[in-house]
Structure formats: C-alpha cells, structure tokens
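Inspection log for the structure reproduced underneath, given as structure tokens.
Protein chains in written order, with the numbering used here: chain A, 142 to 702; chain B, 1112 to 1333.
As structure tokens, this is what we get:
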C-alpha cells in the first residue's frame, strides 16, 4: 500500500513523480465506478456528502411547504389539506433526522478527515467503510418505500404506536429501514473506534489528538452502544405482528408507552450523535482562527465523553407527560439539567480560547460566532423544557419545535456549513468567494431567527405542534415565521451556489489557506490518494503555536515588517 | 423568592407558579446569553488580528475552570428544584375533588359526570378541585389546557389523571397536544367554569346558550 511515488522503478526519479490527488482516477475502475467502488475514505466521505445533501435539499423543500401552509389560519385547505400536511411533517422529520443529521458530519467530514488528522492512510477497515455507505443507501430506500406503501405516510417521525399501527403505515418496514441505517452507523462507529485506537501516527498520543477526533471518538461509542436498541425494538414489533403477543398494541394488551421508551433510548443518544461532532468542529475552527492553543483542551475532550455517557440516561425527558412515575420524572429531570453542564463548559472554553488570540474573521470563524449564539439560545431553552412544571406546559407545543431547531439546525447544521467553508478548500484545493460566503451567512442568520424565534412565543401561548390549521390569534407570528423560511432558503441557495462554484471554478488556494496546525494542513490540497507520502511523526500538541508562547515572546523578537 | 413559599392549590396559582419558574430560568438564560455573547464580541473586537497581531498561548486556568463548572451545577440544581416543586403540587389529589371522566377519541373530546351526564364541552363548577380521569378509546391523545399550564397524555389501556383547580369563572381552550392523526388540529373544545349554582343547574337540567353566556359575561377566558 505504499505511495506510488515512493516505489522504485515507478518513473524516472522520486523527485519528478507527481503525487496523485485522490480526485484523479488511479485505480482499475473508470467513471462512476471509480467512486462507488472506491474504498478510499476520502471518496466515501464525498459519496456520503452528495447523498445526505440531496436528502437535505428534499427536507428543506418539505419544510418550506409546511411553512407555506401557515399563510392562512383555520382549516381552509386552500394550500394543503390535513392529510397532505401530516405527510409533509412526517417526511420532513424522517428525512432530516435519519437521512441527514444522524449520518451528518461523521459520515462525511469525519470519514474524510479523521484518518488524516491522526496521520493514517485510511480508516482501519476501508471495505467495511464502503459497505456502510451501501447500507445507508439501502436503509434510505427501505424507509422511503415503506412510508409510501399505503399512500402518504402520516405517523410523524417518531412512529408512535398505537397510531402507527392503525394508520396502515408499515411501521415494521420503517423501523427495519432505520435499523439498516443503524448498522451503517454502527459500522462507521466501529471503524472510527478501531482507527483511533490502532492507526494513530507515531507520537500521536491520546492528548495530542485534535478535538474533532475526540468528538468523533465519543460519538462512535454512542453509535455502537445505542443503536442496537433499535434491533430490540424491531424484534419486539415483529413478535407482536407475527405471533399476536401484546407488547405495544393496547388492543392485544400491550403497552404503547414501552414503545416510546425504546424509541427514545435510541433517539435521545442520537441527538448527541448529531451534536458532538459539530462541537468537535467548533474546537478546530476556534483554534485555527484564534492562532493560539485552545483553552482547556482536556476539559473539552473529557466533556465530550461526559456528554456521551450522561446522554444515555436522559431519554425519559421526552415522556414527562406520557405516563412516567414521579420517581422517574424526578431523576430524568435532574439528569437532564446535569447534562447541560458539560455543554456549557465547552462554550466557556471556546470563548476563552478567543482571549488574547489573534482573531482572523474568515467565513468559517463567522459561522462559529453564529453557532455560539444560536446554540446558546437552543441550549438555554432546553433548560425551560428540562424543568418539570414548565415542560408540562410546553411539551408538544411549538416551543419544542423552536428548541430543537435551534440546537440541530442553528447548532449542528450551521457549524456543518462552517465546516464546509473550513475544509472544502482543503478537499478540492480551491477557494470559494469569501465575500459571498459572509453575505450568505448574514442572510441565513436573519432568516433562521425570523423562522424559529416566533415559535418560542407561539409555544408559550399554547399552540401545539403538528397542526395544519391554527387559530387567528397566532397569525402574525406564523407569518413572520413563514417569511423567515423564504429568507433562510435564499441564504441556502446563495451559500451552496458559492461553495459549488468554489469547488469547480474557485482560485487555487494552496495547502494551508487558514494557517491551521493539525495534520491535514501539512499535506497538499486536494490530498494525495495515500494522504501522506511518509507517515508523520508527531512531536507536539495539535494546536501548536510556538510563536504565541509567552516564554518565547519574552525574548526580544526582531520586528518583521 | 416568592416561588419557594407554599403554593396555594388554585389554577391561577399554578399558572403563575409555572410562569415564575419560566421567568427564573429565562431570566438567567438572558443574563448568561448577554454575558457569554457580550464577552465573545468584546474578544472579537479587542483581539482582532489587526489590533492584536500576536496571539498568546494560554492552556487553561484551574480556578476559572472549577468556577465555571461548579456555578452551572449549582444553578441548574436550583432550576431543577423549582420546576419539580411547582410540578408536584399539581399531582396532589384533595379528598374534596370531584371526578370527571375525560374520554378522547379521534377527533373529539367527551366528558362524563358522576350522575351519568355526558357533554362535549367541559363544564366545571368554580372553586372545587376536579380530578379529570383520562381515557382514550383509540390512540394516544394529549389533554391540554394552555391557560392552566397543564397537560397530560391520554393513553389507551390506562386511566391517568389531571388535577384542575377552576378558581375563576371563565371560558378556556382545550386542545389535543399529542399527534393523533388526520384531524388532530381540529380536536378542540372549551372548558367553561360556571358559578357553583349555575353549574348545579346545568348538571341537573341543562342551560341554554344564552344562560351560559350570561353567566360568563365579563369573565376571564382565552
């Protein structure tokens, strides 16, 4: 598996042989097969990227249509009728959650940069890596087919029984699809865990790993441990369906709340699968653009693990009004508040990293500033929902919709966009238009807040979610929110157009346009097929800025002007 | 903090207590948001590359990091306690409580009183605690009265309860808060709290629409 450039007899001399970038076809396959049969982690990352952003585009369109329905109050059916609206939010939820955010950053940028950041040539199991992409595609197809098996799906993305049993939607198939996706997730997790444990370059000790790697490490454990719960759920559903044993269906003597428990035992940790990798990206971006080492490296790394661990134990906060004992409510509420603390610590550390830095306000850094604001609002509104008295009032209302969109969209996806602005120049060797990127972010930020902030107020006023018709008193806020969705989509179109234009037509930007210090910035852009010509030997921490060391700065420095 | 004083069992007191908890949490949220984001933008301004071309490495600060771990823990514990203590007040069932059966089905509510009378609007007497016994004949619904800040899921195969303290005469909105299918959004009705004598009259022989609106004239409602 040595680099062709280093093999004897390959060309005239080692110096003269060009290093092939991973974008050039060097394998035996041609055309599209050179991509869909490639075991190169970088190509697989891009396959994932194309797939999940296609689903994201579909999800955005569905969200746009949902908001459009809010044009007129009351059940007029002028735009969509109840059945159509119910299908819209079900598909929006399923596609965004299972097909976009859960694979999200780990499958795309994680696949691409994890091996490079620890100085490896690929993940530990490259073929299993490709298999997990195929499982993802298979799972996606199964889910979409099962949803349309009996006309428009209308269960909501949570498939709560007994409604999902009565509605005729094939919940068995849908959960089976999610289970297949889960396998894709488990295999990616296993691959990352093994890669991190076994393939670190010489000198890359645990505490010399970039924080993005730490975040992926914590995420991978969740993927491996939480996802099998889906298998248990599926098994129980099949036992009930095939042998008519009452497990979930009250008609057979089952308990529908048990289904909710199993659903959230997986789906709550899945929230941390969505948010931990973005937190890792934030640490990378803040370090690079502050031009200094991060504040509290170990605290940030350990808080990822703490979040992953406590995150298992808080699923019950989705079910405060769904028939829990008071004892369960007590502990789930308490633990929910405690899991907020490691996230708060991370935010403090990121802001402290800016202290005495030399801040370069490039587009990725501006995305980070937007992330901190939106994530704070999202996290802090979560405190209102963690508290029992207020949760009883607000659960099932627009307040919850606002809360999780601030966390998942304002938090995870905004920094996903930031990560694209940070790493696409490395992946393709070309720079997008930075001015346009700044403008796109501004439009996104305004549109996002217009779209989702009114939902906090609507929720507190008592408007339940998943209503295709609403009372006239909510009209003004609904309209602000609807117009916000138009602004947001404008921002998305500008941003993606700018990024795509940059990938194909942008100016060449060299290996290290931002002055980053982690290993990916030491290799050419786009990276060579084998990543490193020679495996690097790591001698220092990931965010190594000797020029910013106070010890060195105390010595007289020749002024370079 | 008035919130920690014992709560009187009345609807408006529970709504106010819930709002107090919300106010406490949101108040701290706003303070922390301004502090964090304000500090961040101050750094962005002060340590901008142009003003501050040479960064200084700081690996951490044990005192600061301990402080910003301990303080959030203490703060969230207070928030937890306030939410919990306001919530458990609503789970106490006084002996004097009147039982009303709340039956949910796709997509309507019906209410059954102890004398066998049924109605599709929830009429309650002012000043008497009410224990709503929640049952569903089909799927899971959510019994939600926003003005009372109370809701509970209605689950087939279980009988669950919700305590109401109708302190004031008035007309309030009841909605379904758990997605239940096609006309989920239209599964609405009203809670009408009448003076005791009017309620007794309604329970015995019924009231005309006019009599009800007379009883409600000038009263609160949502």
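Each residue gets a CB set at the ideal place from its N, CA and C atoms; glycine is no exception.
For residue i, which three-state DSSP category applies?
| i | result |
| --- | --- |
| residue 1113 of chain B | With a pLDDT of 38 at residue 1113 of chain B, under the threshold of 50, the modelled position of this residue cannot be trusted; read the value that follows with caution. If DSSP states are grouped into helix, strand and coil, residue 1113 of chain B belongs with the helices. |
| residue 161 of chain A | coil |
| residue 217 of chain A | coil |
| residue 1291 of chain B | coil |
| residue 503 of chain A | coil |
| residue 439 of chain A | helix |
| residue 399 of chain A | helix |
| residue 1210 of chain B | strand |
| residue 572 of chain A | strand |
| residue 545 of chain A | helix |
| residue 526 of chain A | helix |
| residue 648 of chain A | strand |
| residue 434 of chain A | coil |
| residue 1118 of chain B | Residue confidence for residue 1118 of chain B is low, a pLDDT of 33 falling below 50, so the modelled location carries little weight; the figure read from the coordinates is stated next. Coil, per DSSP. |
| residue 1229 of chain B | strand |
| residue 418 of chain A | helix |
| residue 538 of chain A | strand |
| residue 654 of chain A | coil |
| residue 669 of chain A | strand |
| residue 579 of chain A | helix |
Can you check DSSP and say which residues form a bridge with residue i?
| i | result |
| --- | --- |
| residue 1252 of chain B | B:1265 |
| residue 1218 of chain B | BP columns for residue 1218 of chain B are empty, so no partner. |
| residue 1303 of chain B | B:1234 and B:1282 |
| residue 1274 of chain B | B:1242 |
| residue 1247 of chain B | B:1215 |
| residue 490 of chain A | According to DSSP, residue 490 of chain A bridges with nothing at all. |
| residue 1159 of chain B | A:500 |
| residue 605 of chain A | A:538 |
| residue 1223 of chain B | B:1212 and B:1229 |
On a CA-only basis, which of the options is nearest residue i? Give me that one, please.
| i | options | result |
| --- | --- | --- |
| residue 718 of chain A | A:313, A:290 and A:292 | With chain A represented from 142 up to 702, any question about residue 718 of chain A goes unanswered, as that position is not in the structure. |
| residue 527 of chain A | A:456, A:507 and A:356 | A:456 |
| residue 303 of chain A | A:395, A:193 and A:689 | A:395 |
| residue 623 of chain A | A:213, A:169 and A:545 | A:213 |
| residue 557 of chain A | A:682, A:633 and A:609 | A:633 |
| residue 258 of chain A | A:567, A:276, A:189 and A:604 | A:567 |
| residue 287 of chain A | A:275, A:305 and A:274 | A:305 |
| residue 308 of chain A | A:290, A:329, A:655 and A:613 | A:290 |
| residue 644 of chain A | A:570, A:685 and A:600 | A:570 |
| residue 1206 of chain B | B:1274, B:1269, B:1237 and B:1150 | B:1274 |
| residue 207 of chain A | A:468, A:619, A:230 and A:549 | A:230 |
| residue 523 of chain A | A:549, A:500 and A:505 | A:549 |
For residue i, count the other beta carbons within 10 Å of its own beta carbon; 16 or more makes it buried, fewer makes it exposed. Which is it?
| i | result |
| --- | --- |
| residue 661 of chain A | buried |
| residue 484 of chain A | buried |
| residue 1178 of chain B | exposed |
| residue 1248 of chain B | exposed |
| residue 1225 of chain B | exposed |
| residue 1173 of chain B | exposed |
| residue 252 of chain A | buried |
| residue 698 of chain A | Unreliable positioning characterises residue 698 of chain A in this predicted model, as indicated by a pLDDT of 49, which lies under 50. The coordinate reading is nonetheless provided below. Exposed: under 16 other Cβ atoms inside 10 Å. |
| residue 338 of chain A | exposed |
| residue 173 of chain A | exposed |
| residue 1125 of chain B | buried |
| residue 315 of chain A | buried |
| residue 498 of chain A | buried |
| residue 409 of chain A | buried |
| residue 679 of chain A | buried |
| residue 531 of chain A | buried |
| residue 178 of chain A | exposed |
Under 7 Å between beta-carbons, which chain B residues line up against residue i? List them in chain order, please.
| i | result |
| --- | --- |
| residue 619 of chain A | Here the premise fails: no neighbours, minimum Cβ distance about 13 Å. |
| residue 382 of chain A | Here the premise fails: no neighbours, minimum Cβ distance about 18 Å. |
| residue 398 of chain A | 1266 |
At 7 Å on the CB atoms, spell out the chain A contacts of residue i, in chain order.
| i | result |
| --- | --- |
| residue 1142 of chain B | Going along chain A, no residue has its Cβ under 7 Å from residue 1142 of chain B, so there is no contact; the nearest lies around 10 Å. |
| residue 1195 of chain B | 471, 474 and 529 |
| residue 1190 of chain B | 478, 524 and 528 |
Mind listing the chain A neighbours of residue i? Cutoff is C-beta to C-beta under 9 Å, in chain order.
| i | result |
| --- | --- |
| residue 1163 of chain B | 497, 498, 499 and 500 |
By the criterion of Cβ-Cβ separation under 9 Å, what are the contact partners of residue i in chain B?
| i | result |
| --- | --- |
| residue 690 of chain A | 1167 and 1168 |
| residue 546 of chain A | Residues of chain B passing the Cβ test: none, with the nearest at roughly 17 Å. |
With 7 Å set as the bound, which would you pick, yes or no: does the beta-carbon of residue i sit closer than that to a beta-carbon of chain C?
| i | result |
| --- | --- |
| residue 1282 of chain B | Included in the structure are the protein chains A and B, with no chain C among them. |
Name, please, each residue of chain A whose Cβ falls closer than 8 Å to the Cβ of residue i.
| i | result |
| --- | --- |
| residue 1179 of chain B | 485, 486 and 489 |
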